[in-house]
Amino acid sequence: MIFTPLQRHLTSIFLKIFLRDRRSIFFSLFFPVIFMTVFSLASDREQEPINIGIANLSSNEVSSDFVQRLSDSPMFNAVSGESEPLREALLVGHQTMVLELPADFGASPDTVSSEINVVVDAAQVSQLGLIMPVLEQTLLSIEREFRSIAPMFSITIEDVQARSQRYIDFLLPGLMALTLMNLSIAGSGFNVVEYRRKGILKRLFVTPIEPKDFIIAIVFARLTIVLVQLTVLISLAVVLLDIRIIGNFFAYYFVVILGTVVFLCLGFSLGSLAKTQETIGALGNIVIMPQIFLSGVFYPIESMPEWVQPLAHLLPLSFVSTGMREIANAGAALTEIIPSLLGIAVWLTISFLAATRLFLWKEVAN
Amino acid sequence: MPIIEVCELQKQYFLPDDKSQKFFAVNGVSLSIEQGEVFGILGPNGAGKTTILEMIEGLNDIDGGEALIDGISVSTNPYQVKERIGVQLQANEYFDNVSLEELLSLFGTLYHRTINPEALLEKVQLEEKAKAKPAALSGGQKQRFSIACALVNEPKILFLDEPTTGLDPQAKRNLWNLIQRLNGDGMTIVLTTHNMEEAEELCDRIAIMDHGKIIAEGTPQELILDFAPEPPEAPLHGNLEDVFLSLTGYGLRE
């Protein structure tokens, strides 16, 4: 791309304006960072150990082995004690569950099996599904050892993706797409309305500048700014939140650049339709809000009601976030995300035509 | 040959209250301004002064008639016209966070010129403000800076839309001096104003407009002689404001 000296100069002025505006630099990064951190903390939290009390009425080797195994498990925070005080602790919520091992626990394997009494608070019953398999598994292995039976089956869990996928890994590409949409629409739309309101557009139109010079300069300046902002955010995510981007970095940025230009042009169109900051705010929300919820940023589009899905798939942010996610999470090459790229290309055409058709210097009367 | 020739210029707008109806903001205005003149356009608010200027400057479409600047038609060659004129608009806001010298050099680039910002700032007595931002300027300084911006392309004609509105007397006199200096260097100047003293002080010729038409034109002396009301007793009183009010009436405008 070859720029005229005029376009270069105007671009550098737009960059200067942004760089000298510390407050908007701060806020443009502040919210995405907060967002990212909160989501990362929420999805990263480890399962807290469950408090269980064990009242062991038996006193043989088997029962103490059982108690020892539960205490060693990272899942439990086991306390041994008398039955009554443990039940009281359960009532006030200090224990989630109390196990009462009967006096005949494990005493004579050949007679009737002994019964463990599990006392739970009904409010904590949801934990039961988590605890019971562990208890059963522990009992089973004790029984096996006791009877000297080798396990007939064993299960190994193998991750087909060969890596662990956390929610934050799913979220980050969507969040980046959302951030680039917000920054772009605000960057072009709000600025154009502001320049028009102040009469700056009109003042520029006094000189022999052509509309394409202005649009190229502002799009290029904003593109640079958004790329830097996203790079900062992605670096923070990689360094602080241990996010993995598996795919090709250039492919990732290719989608980012296309998406940014789409939303810059959309912002331009909105800025031309809106006459005041209030209108651009409202128009911006109309465009941004549905996309936040429908474009698969926070959860996959497939998890939405079926009748919304066809519409949701067509939103520009859906194409951008899907493309970015496939590259970041699944390591897709550009050739593998052609459907997303086609969608972005269609939106690029629509938004560019709208931006150039709607943009008017002349309707800048006070 | 006059440097500005305007012939039967027309501009129609929709009525603000009733979008189905149009009205003439400018209705058949003809003007002829000579090289080196200071020409004033007077008129109540809404008379069409700014609209006329904007049509001549190429900022507003011409609905009817023709405007020639230096022999070039504004409607067919707006970009050539823009190269030859300097414009100060009523609103004079600029990009935030950009210094005066940076703005001037940007405006130079917009005319494909490399300019010397210090020399221009010196011309309008703002050399000490080179690093300042427009927001930090006083009203008079802002107007002078606007004129500096309008001078980056060394224009033949300078258009000033209400240059002294809102200025204190010192700033106003200072700006008059600047305008007279520029005119002394041979620049043609077209200005609009509500200040009759200003028109009398600066303008070689004046056109008074109302309702989109020119209702009187001439030198200040001619206009006073022709239109100032004869005082019943006192031998001579009356000034340009009497002329203005007797021509346009005392009714308040928007």
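So the protein lines, in turn, are chains A and B.
Its first residue numbered 690, the first sequence is counted upward by one per residue in this note's numbering.
Its first residue numbered 70, the second sequence is counted upward by one per residue in this note's numbering.
Cβ coordinates follow ideal geometry from the N, Cα and C atoms, glycine included.
Quantities reported herein were computed from a predicted structural model and do not represent experimental measurements.
Under 7 Å Cβ-Cβ, which residues of chain B neighbour residue i?
| i | result |
| --- | --- |
| A:T896 | K151, F176, L179, Y180 |
| A:P694 | T178 |
In angstroms with no decimal places, state the Cα-to-Cα distance between residue i and residue j.
| i | j | result |
| --- | --- | --- |
| B:Q41 | B:Y163 | Absent from the structure is residue 41 of chain B, since the part of chain B shown begins at 70 and ends at 323. |
| A:K705 | A:F903 | 16 Å |
| A:S1040 | A:L953 | 9 Å |
| A:N1055 | A:R892 | Its pLDDT being 37, under 50, A:N1055 is placed unreliably in this model, and the coordinates cannot settle the point. |
| A:L788 | A:A1017 | 46 Å |
| A:P1028 | A:T1038 | 16 Å |
| B:Q149 | A:I977 | 42 Å |
| B:P85 | A:D858 | 55 Å |
| B:G115 | B:A94 | 8 Å |
| B:E126 | B:K151 | 7 Å |
| A:P822 | A:S802 | 18 Å |
| A:I975 | A:T965 | 15 Å |
| B:Q194 | B:R213 | 8 Å |
| A:I723 | B:L229 | 50 Å |
| A:L1047 | A:R712 | 30 Å |
| A:N745 | A:I838 | 26 Å |
| B:E77 | B:I138 | 15 Å |
| B:L173 | B:K225 | 18 Å |
| A:A851 | A:S729 | With a pLDDT of only 48 at A:A851, under the threshold of 50, the placement of this residue in the model should not be trusted; the figure read from the coordinates follows. Rounded to the nearest angstrom, the two C-alpha atoms are 21 Å apart. |
| A:H783 | A:P774 | 11 Å |
| A:P645 | A:H1002 | In the structure as shown, chain A begins at 690 and stops at 1055. Residue 645 of chain A is therefore absent and cannot be evaluated. |
| B:C218 | A:P721 | 40 Å |
| A:P694 | B:T178 | 8 Å |
| B:Q104 | B:I72 | 5 Å |
| B:L314 | B:L122 | 23 Å |
| A:T700 | A:D710 | 16 Å |
| A:G936 | A:A1019 | 7 Å |
| B:T216 | B:Q157 | First, the amino acid is wrong: residue 216 of chain B is Ile here, not Thr. Using only the alpha carbons, I get a separation of about 6 Å. |
| A:P840 | A:T827 | 13 Å |
| A:Y942 | A:R886 | 34 Å |
| B:G211 | B:I154 | At residue 211 of chain B the sequence reads Lys, which differs from the Gly that was named. Each residue's alpha carbon lies about 20 Å from the other. |
| B:G307 | B:N246 | 26 Å |
| B:G320 | B:L220 | 38 Å |
| A:V1053 | A:K901 | Per-residue confidence for A:V1053 stands at a pLDDT of 43, beneath the threshold of 50, marking its modelled position as unreliable; the derived number appears in the next sentence. Going by the C-alpha atoms only, they are around 17 Å apart. |
| A:I714 | A:I907 | 17 Å |
| B:E135 | B:M124 | 10 Å |
| B:N161 | B:N243 | 18 Å |
| A:D793 | A:V809 | 22 Å |
| B:L175 | B:Q159 | 20 Å |
| B:I102 | B:P289 | 15 Å |
Could you tell me which residues DSSP pairs with residue i in its beta bridges?
| i | result |
| --- | --- |
| B:A240 | Answer by DSSP bridge pairing: none, since B:A240 is not bridged. |
| B:C76 | B:E135 |
| B:Y82 | B:F92 |
| A:I741 | A:A767, A:M786 |
| A:V807 | A:L788 |
| A:S729 | DSSP, once it has assigned bridges, lists no residue as partnering A:S729. |
| B:L274 | Checking the sequence shown, residue 274 of chain B turns out to be Arg, not Leu. According to DSSP, which records beta bridges pairwise, B:R274 is partnered with B:F108. |
| B:T257 | B:I226 |
| B:G287 | B:I275 |
| B:G155 | B:L227 |
| B:T262 | B:L111 |
| A:K901 | DSSP lists no partner for A:K901. |
| B:K282 | B:D279 |
| B:S99 | According to DSSP, B:S99 bridges with nothing at all. |
Quick one: which chain A residues come within Cβ less than 8 Å of residue i?
| i | result |
| --- | --- |
| B:L158 | G888, K891, R892, V895 |
Report the neighbours of residue i on chain A: residues whose CB is nearer than 7 Å to its CB, in chain order.
| i | result |
| --- | --- |
| B:F164 | I702, I706, I889 |
| B:V167 | I702, K705, I706 |
Can you name the residues of chain B whose CB is closer than 9 Å to the CB of residue i?
| i | result |
| --- | --- |
| A:L699 | L175, T178, L179 |
How would you list, in chain order, the residues of chain A whose beta-carbon sits under 9 Å from the beta-carbon of residue i?
| i | result |
| --- | --- |
| B:Y148 | P897, E899 |
Answer yes or no: the CB of residue i versus the heavy atoms of the ligand PLP, is any distance below 6 Å?
| i | result |
| --- | --- |
| B:E231 | This structure lacks the ligand PLP, and indeed carries no ligand of any kind. |
Given 8 Å, three or more beta-carbon pairs between the stretch 153-173 of chain B and the stretch 194-214 of chain B: yes
At least three beta-carbon pairs within less than 8 Å, the stretch 286-301 of chain B to the stretch 138-147 of chain B: no
Contact set between the stretch 99-128 of chain B and chain A, restricted to residues whose Cβ is under 7 Å from the partner: For the stretch 99-128 of chain B, the set of residues with a beta-carbon nearer than 7 Å to any beta-carbon of chain A comprises E126, L128, in chain order.
The stretch 276-285 of chain B / the stretch 247-256 of chain B touching (three or more Cβ pairs under 8 Å): No: fewer than three Cβ pairs fall under 8 Å.
Given 8 Å, three or more beta-carbon pairs between the stretch 861-868 of chain A and the stretch 174-192 of chain B: no
The stretch 956-965 of chain A / the stretch 874-890 of chain A touching (three or more Cβ pairs under 8 Å): At 8 Å Cβ cutoff, the stretches touch.
Contact set between the stretch 709-731 of chain A and chain B, restricted to residues whose Cβ is under 9 Å from the partner: Within the stretch 709-731 of chain A, contact with chain B at the beta-carbon level (separation under 9 Å) is assigned to R709, D710.
At least three beta-carbon pairs within less than 8 Å, the stretch 867-875 of chain A to the stretch 942-949 of chain A: yes
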